[in-house]
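Shown next, in structure tokens, is the structure this report addresses.
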Amino acid sequence: MKILIADDNVSDRLLLNKIISKQGHDVIEAENGKHAIDRYVKDCPDIILMDVLMPELNGKEAAKEIKRLAGEDLVPIIFLTSLIDAQSLADCLEAGGDDFLTKPYNHIILKAKIDAFVRMRKMHATLQKQRDTIVENNQHMLHEQHVAKAVFDNVAHSGCLDASNIKYMLSPLAVFNGDVLLAARKPSGGMHVFLGDFTGHGLPAAIGAMPMAEIFYGMTAKGFALRDILREINLKLKSILPIGFFCCAAVVDLSFTKRSISMWMGGVPDCYLISEEGKKLKSLRSHHLPLGVLSSEQFDDEMTEHSMEDGDRLFMWSDGIVEARDEKGEMFGEDRLQAIFKDNFAPDELFAAVQERVSVFVGESERDDDTTLIELMMVEESELDLSSLNMQQGTVKGPSDWKMDYELGVDSLKHFNPLPLLMHIMMEVPALRSMGGQLFTVVAELFSNAFEHGVLRLNSQLKSTPSGFAEYYQLRQQRLDELTEGYVKVSMLHSSESGSSGVFNLIIEDSGLGFDYQAKFTQDPDHVQIENKFSGRGIPLIYSLCHSLEYLGCGNKVRAEIHWPQKIDK
Amino acid sequence: MDKASHFDIEALTMLEEIMEDEFPELVQVYIADSDPRISALQQALKDQDTKQLRELSHSFKGASGNLSALPLADLCFKIEERSRDGVLDGSAELIQQVDLEYQAVKRILLSLVE
Numbered sequence: 000m001k002i003l004i005a006d007d008n009v010s011d012r013l014l015l016n017k018i019i020s021k022q023g024h025d026v027i028e029a030e031n032g033k034h035a036i037d038r039y040v041k042d043c044p045d046i047i048l049m050d051v052l053m054p055e056l057n058g059k060e061a062a063k064e065i066k067r068l069a070g071e072d073l074v075p076i077i078f079l080t081s082l083i084d085a086q087s088l089a090d091c092l093e094a095g096g097d098d099f100l101t102k103p104y105n106h107i108i109l110k111a112k113i114d115a116f117v118r119m120r121k122m123h124a125t126l127q128k129q130r131d132t133i134v135e136n137n138q139h140m141l142h143e144q145h146v147a148k149a150v151f152d153n154v155a156h157s158g159c160l161d162a163s164n165i166k167y168m169l170s171p172l173a174v175f176n177g178d179v180l181l182a183a184r185k186p187s188g189g190m191h192v193f194l195g196d197f198t199g200h201g202l203p204a205a206i207g208a209m210p211m212a213e214i215f216y217g218m219t220a221k222g223f224a225l226r227d228i229l230r231e232i233n234l235k236l237k238s239i240l241p242i243g244f245f246c247c248a249a250v251v252d253l254s255f256t257k258r259s260i261s262m263w264m265g266g267v268p269d270c271y272l273i274s275e276e277g278k279k280l281k282s283l284r285s286h287h288l289p290l291g292v293l294s295s296e297q298f299d300d301e302m303t304e305h306s307m308e309d310g311d312r313l314f315m316w317s318d319g320i321v322e323a324r325d326e327k328g329e330m331f332g333e334d335r336l337q338a339i340f341k342d343n344f345a346p347d348e349l350f351a352a353v354q355e356r357v358s359v360f361v362g363e364s365e366r367d368d369d370t371t372l373i374e375l376m377m378v379e380e381s382e383l384d385l386s387s388l389n390m391q392q393g394t395v396k397g398p399s400d401w402k403m404d405y406e407l408g409v410d411s412l413k414h415f416n417p418l419p420l421l422m423h424i425m426m427e428v429p430a431l432r433s434m435g436g437q438l439f440t441v442v443a444e445l446f447s448n449a450f451e452h453g454v455l456r457l458n459s460q461l462k463s464t465p466s467g468f469a470e471y472y473q474l475r476q477q478r479l480d481e482l483t484e485g486y487v488k489v490s491m492l493h494s495s496e497s498g499s500s501g502v503f504n505l506i507i508e509d510s511g512l513g514f515d516y517q518a519k520f521t522q523d524p525d526h527v528q529i530e531n532k533f534s535g536r537g538i539p540l541i542y543s544l545c546h547s548l549e550y551l552g553c554g555n556k557v558r559a560e561i562h563w564p565q566k567i568d569k
Numbered sequence: 000m001d002k003a004s005h006f007d008i009e010a011l012t013m014l015e016e017i018m019e020d021e022f023p024e025l026v027q028v029y030i031a032d033s034d035p036r037i038s039a040l041q042q043a044l045k046d047q048d049t050k051q052l053r054e055l056s057h058s059f060k061g062a063s064g065n066l067s068a069l070p071l072a073d074l075c076f077k078i079e080e081r082s083r084d085g086v087l088d089g090s091a092e093l094i095q096q097v098d099l100e101y102q103a104v105k106r107i108l109l110s111l112v113e
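Sequences listed follow chains A and B, in order. Here the first sequence stands for residues 0 to 569, numbered as in numbering that gives the first Met the number 0. Here the second sequence stands for residues 0 to 113, numbered as in numbering that gives the first Met the number 0.
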């Protein structure tokens, strides 16, 4: 240790110097307060022994200045004094001294004090170093979190949450949110909406949310059914989340054309269906375990159907709403939430009313969970902004001139749904993406016709009565089980003229017997619509979507031609 | 020469042990510092400068105490106390006593290092 002795008395300095040097320390000297400050700045001593009364600048003043210069470093100052009255000694400490030593010096006490301050100084240095490390780590962590947050926001983007039939609120507790709100337009029309609440919040929750969002948006865009998406998400979460971590979720498949929703709820508070007039129609209760709990075999993807009229609203929330606490720690609770819907708010004001009530209730108290709220309204799909349907286009141009033949054998037909794959291939062509909905309908209808009426040889007329409908599906299962031979061939052909227009051909052939299409069928779509003899085959609809549709051979082969850009009068 | 009536003998012995070879230097420095103090004290009294009187006696007291010349330190302390309180009466006598005591201390110290 380097020790500074500041004393105007030469003999005192000599004596102290000798004592301290003998204890193994380096000694530097100053003969007055001013000199002491200079030596402190120049030599950075570890401990200072300072006489109180000195010429130029006395010890107390010098001590104050040195302590100021030292800032947060601990530089122990021991006052040397022959003053013995209590007040004088107290004044020494008041001036910033850490201890005092009375003259004449007792070298044993002096040694003990120096040793004690050496320990204290080391401890202080350790403490400072640790504090600096913590600050540094914390800054590093915050920086990482911001970068991660940017990545997270790109992956778990809000999709079409800005659609005109959606109102939502997400309040993050940390940089990352344990709540997830995702929404995507389906290529076949309609919308998937996902409200998730991970156990915990912050980074661990966000890590789970990323693959979930990827799956949700990826599979929705490729035309997968919500059940399949849920299964995939459940499987993913089950495999990546530690035991005890899971994701409560309310998931909606909204169909604008059927005026209904299909819902899956696991571990979330009741959702409310609200009528056009703002009255509560019913509470929808969660019947499933949260996502990421059960294995694929045990997972139940059953969804419940609810019809919704134009203007009906669905309210969903994370438990952060119900469990929001006021200053006294009381929860907002279901009753207060229910009460809002009995208060005769205009339907348009309900969302804001819930926000307002919860916010007023919580007041200044600390939020202890993420609070997420979403309102989903049934509207005409045409009212929605088309832009949210446009898929993001990469810089790489899609394929333009290509052909593909794809044949499915018995085993594949039994266990595999090829539609997502086919959609995926079509969606690689940028111009076809905006027509995803109608393409999906065409492929789905024609494939299902080929499979059910062709390969399985089911008669579509069965479906014209309710009892026949049931029989149809019973028969379908039976034939599927017994199926030993057959195929469906799908051919796709796309050509484009300088990227400004193109023709897409879809040919589907099955191993069935075909049918007498000429008797039932003329090339006049209007005529077909009036006749409407193709029960179950959905041909009139397909007609309206295609440039041309023709049956070939014995009727076991069909060719649909779709042109882009589409003619406006179509 | 009665060492015990001018010094704390035990402390003085310890001091000699601590200082080893440098004890003579310590004595020299002490004497070089202290000789002018006597006349300075007398001058301060003449000037009725209590502040100067106080600082000189304080410093002299400290240095003498550290050399275990306790009776001398006590005399210095008396002057320090009086000048702190602004009292000059009797200081002349005290300074004279300090002078006498210092001469005795000086003689003993010099005898130790020769």
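Ideal Cβ placement from N, Cα and C applies to all residues, glycine included. Bear in mind that the values here come from a model prediction, so they are computed numbers and not experimental data.
is_contact[residue 101 of chain B, chain A] using C-beta, thresh 8 Å:
No, residue 101 of chain B does not count as interfacial toward chain A.
Buried versus exposed, by CB contacts within 10 Å (16 or more), residue 291 of chain A
Counting the other CB atoms within 10 Å of its CB gives residue 291 of chain A a total of 16 or more, which places it among the buried residues.
Residue 273 of chain A lies in the beta strand (DSSP E); which residues open and close that run?
Where residue 273 of chain A is concerned, the enclosing beta strand (DSSP E) stretches over 270-273.
Amino acids of chain B, ordered along the chain, whose beta-carbon sits closer than 7 Å to that of residue 11 of chain A
Those are 61, 62, 65, listed as they occur along chain B.
By Cβ distance below 7 Å, which residues in the same chain neighbour residue 84 of chain B in space, the five residues on each side in sequence not counted?
The same chain holds no residue with a CB closer than 7 Å to that of residue 84 of chain B once the five nearest residues on each side in sequence are set aside.
Proximity of residue 8 of chain A and residue 58 of chain B at Cβ, strictly below 8 Å:
For the pair residue 8 of chain A and residue 58 of chain B, the CB atoms are nearer than the 8 Å cut-off.
Over what stretch of residues does the alpha helix (DSSP H) that includes residue 543 of chain A continue unbroken?
Here the alpha helix (DSSP H) through residue 543 of chain A covers 538-544.
Whose C-beta lies closer than 6 Å to the C-beta of residue 488 of chain A among residues of the same chain, with five residues either side of it excluded?
Same-chain partners within the cutoff: 406, 508.
Segment limits, beta strand (DSSP E) that includes residue 452 of chain A
First-last for residue 452 of chain A: undefined, no H or E at that position.
Under 8 Å between C-beta atoms, does residue 25 of chain B make it to chain A?
Interface annotation, residue 25 of chain B: in contact with chain A, CB-CB separation under 8 Å.
Inter-residue Cα distance where the pair is residue 250 of chain A and residue 166 of chain A
Those two C-alpha atoms are separated by around 16 Å.
Residue 247 of chain A lies in the beta strand (DSSP E); which residues open and close that run?
Its beta strand (DSSP E) spans residues 246-254.
Which residues of chain B have a Cβ atom closer than 8 Å to the Cβ of residue 21 of chain A, listed in chain order?
Residues of chain B passing the Cβ test: 17.
Counting only beta-carbon atoms, is residue 3 of chain B nearer than 8 Å to chain A?
For residue 3 of chain B, no CB of chain A lies under 8 Å from its own CB, so it is not counted at the interface with that chain.
Just tell me which of A:337, A:323, A:328 has its CA closest to the CA of residue 576 of chain A.
No answer is possible for residue 576 of chain A: the residues shown for chain A start at 0 and end at 569.
Partners in chain A for residue 84 of chain B, counting only beta-carbon separations shorter than 8 Å:
Below the 8 Å Cβ cutoff, chain A contributes no neighbours of residue 84 of chain B, its closest Cβ being approximately 13 Å away.
Helix, strand or coil: which one does DSSP assign to residue 376 of chain A?
Under the three-state reduction of DSSP, residue 376 of chain A is assigned to strand.
Count the other CB atoms, across all protein chains shown, that sit within 10 Å of the CB of residue 472 of chain A; report buried if there are 16 or more and exposed otherwise.
So residue 472 of chain A counts as exposed.
In three-state terms, what does DSSP make of residue 640 of chain A?
Past the edges of chain A, shown from 0 to 569, lies residue 640 of chain A, and the structure says nothing about it.
Take the Cβ of residue 414 of chain A as the centre, count every other Cβ of all protein chains shown within 10 Å, and call the residue buried at 16 or more, exposed below.
Exposed.
Quick check: the Cα distance between residue 272 of chain A and residue 179 of chain A, rounded to an integer number of angstroms?
Here the C-alpha atom of residue 272 of chain A lies approximately 21 Å from the C-alpha atom of residue 179 of chain A.
Per DSSP, what kind of secondary structure is residue 5 of chain B in: helix, strand or coil?
In the three-state DSSP reduction, residue 5 of chain B falls in the coil class, being neither helix nor strand.
Using 8 Å as the cut-off, can you tell me whether the region 309-325 of chain A makes contact with the region 273-288 of chain A, which would need three or more C-beta pairs spanning the two stretches below that distance?
Yes: at least three Cβ pairs fall under 8 Å.
Where residue 216 of chain A sits in the DSSP three-state scheme
In the displayed model, residue 216 of chain A falls within a helix according to three-state DSSP.
Residue 265 of chain A - DSSP class collapsed to helix/strand/coil
Assigned with DSSP and collapsed to three states, residue 265 of chain A falls in strand.
Contact with chain B by residue 18 of chain A, beta-carbon distance below 8 Å:
Put simply, the CB of residue 18 of chain A is near chain B, with a gap under 8 Å to one of its CB atoms.
Against chain A: residues of the region 25-49 of chain B by CB proximity under 7 Å
Look at the region 25-49 of chain B: the residues with a C-beta under 7 Å from a C-beta of chain A are 25, 28, 29, 32.
Roughly how many angstroms lie between the CA atoms of residue 23 of chain B and residue 12 of chain A, to the nearest whole one?
One C-alpha to the other measures close to 15 Å.
Extent of the continuous beta strand (DSSP E) to which residue 179 of chain A belongs
Looking at the DSSP string, the run of the beta strand (DSSP E) that includes residue 179 of chain A is 178-184.
For the region 447-461 of chain A and the region 475-484 of chain A, state whether three or more C-beta atom pairs, one from each stretch, are separated by less than 8 Å.
With a cut-off of 8 Å, the region 475-484 of chain A and the region 447-461 of chain A count as touching, because enough Cβ pairs lie within range.
Relative to the C-alpha of residue 97 of chain A, which residue among A:117, A:105, A:106 is closest?
The shortest Cα separation from residue 97 of chain A among A:117, A:105, A:106 belongs to A:117.
First and last residue of the alpha helix (DSSP H) that includes residue 61 of chain B?
First-last of the alpha helix (DSSP H) with residue 61 of chain B: 49-65.
Does the region 47-57 of chain B come within contact of the region 537-556 of chain A, defined as at least 3 CB pairs closer than 8 Å?
A contact between stretches requires three or more CB pairs, one per stretch, nearer than 8 Å, and the region 47-57 of chain B fails this requirement with the region 537-556 of chain A.
Using 8 Å as the limit for Cβ to Cβ distance, is residue 93 of chain B near chain A?
Residue contact check for residue 93 of chain B against chain A: no CB pair falls below 8 Å.
Closest to residue 496 of chain A by CA distance: which of A:347, A:81, A:401 is it?
For residue 496 of chain A, the closest C-alpha among the options A:347, A:81, A:401 is that of A:401.
Euclidean distance between Cα positions of residue 63 of chain A and residue 95 of chain A:
Cα-Cα distance, rounded: 6 Å.
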